[in-house]
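**Q**
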Amino acid sequence: MNLNDEQQQKVREWLDAGLSVADVQTKLADELDVSMTYMEVRFLLDDLRLAPQDEDEPEPEPEPEPEPETEAVAPGPTGADDPIDADAELISDNEPPAPAGEGNVTVSVDQVVRPGALASGKVTFSDGKIAEWYFDQFGRLGLTPEEEGYKPPEADLMIFQTKLQEELARMGMG
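In numbering that gives the first Met the number 0, the protein residues as written are 0 to 173.
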């Protein structure tokens, strides 16, 4: 949609006043009777070589790296509608070593993928403990043990990762 010069000037004034893209979209509809989607307003501003105020917000500072003793948790939505447990442990190379396992690790892949995951399944470690594994939308591998606070042996984790890689490759996912 093309705006005439008077309408373009109004848009410039709104942006100079600090309005966001959503505010400009609302004003276009209310004051100028021009109905546009948010994306269309973004394209319009780009065509007019205008920068909305909401793009100039400072970027959040990066979070500091966790110390080796801390657990990494899966970021993302929180609350009851979170498809992946936010408290699930992500597999990390900086975990303190656990007692060595016997190497009897079994891996299964879910036929129906867990909501919010790219792939999911279960793993049974050499000590008989079971955990659910998943790849989140960022491709990170996470574990949710059935027993709260359980940490599998480091040797089992290495075997698990290898067997998981082999199983996913066998299924055409690797």
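Here a beta-carbon is modelled for each residue, glycine too, at the ideal position from N, C-alpha and C.
All values derive from a computational prediction rather than experimental measurement.
Is THR105 helix, strand or coil when you go by DSSP?
**A** strand
**Q** Starting from ALA154, follow the alpha helix (DSSP H) in both directions and report where the run begins and ends.
**A** 153-169
**Q** Determine, using beta carbons only, whether GLY141 and TYR133 come nearer to each other than 8 Å.
**A** For GLY141 and TYR133, yes; Cβs fall inside 8 Å.
**Q** Please go through the same chain and pick out, in chain order, the residues whose beta-carbon is closer than 7 Å to the beta-carbon of LYS162, but skip the five residues on each side of it.
**A** VAL104 and VAL106
**Q** Kindly indicate the opening and closing residues of the beta strand (DSSP E) around THR123.
**A** 118-123
**Q** Please find out if some non-hydrogen atom of the ligand GTP comes closer than 7 Å to the beta-carbon of LEU140.
**A** With respect to small molecules bound, the structure shown includes none, and the ligand GTP cannot be examined in it.
**Q** Rounded to whole angstroms, what is the Cα-Cα separation between GLU5 and THR143?
**A** Taking C-alpha positions only, GLU5 is separated from THR143 by approximately 59 Å.
**Q** Around the C-beta of VAL111, are 16 or more other C-beta atoms found within 10 angstroms, so that it is buried, or is it exposed?
**A** exposed
**Q** Return the chain-ordered list of same chain residues with a C-beta closer than 7 Å to the C-beta of ARG41, the five sequence neighbours on each side being excluded.
**A** VAL20
**Q** Do ALA118 and PRO108 come within 8 Å of each other at the CB atom, strictly closer than that value?
**A** It should be noted that the sequence gives Val, not Pro, for residue 108. Yes, Cβ-Cβ distance for VAL108 and ALA118 is below 8 Å.
**Q** What are the partner residues of TRP132, as DSSP defines its beta bridges?
**A** GLY120 and LEU142
**Q** Return the CA-CA distance between ASP22 and ARG48, expressed in angstroms with no decimal places.
**A** 18 Å
**Q** Should LEU14 and PRO51 be called a contact, given that it needs their Cβ atoms to be closer than 8 Å?
**A** yes
**Q** For ILE129, count the other beta carbons within 10 Å of its own beta carbon; 16 or more makes it buried, fewer makes it exposed. Which is it?
**A** exposed
**Q** So what does DSSP say about THR69, is it helix, strand or coil?
**A** Confidence at THR69 is low in this model, with a pLDDT of 44, below 50, so its placement is unreliable and the value that follows should be read with caution. THR69: coil per DSSP, three-state reduction.
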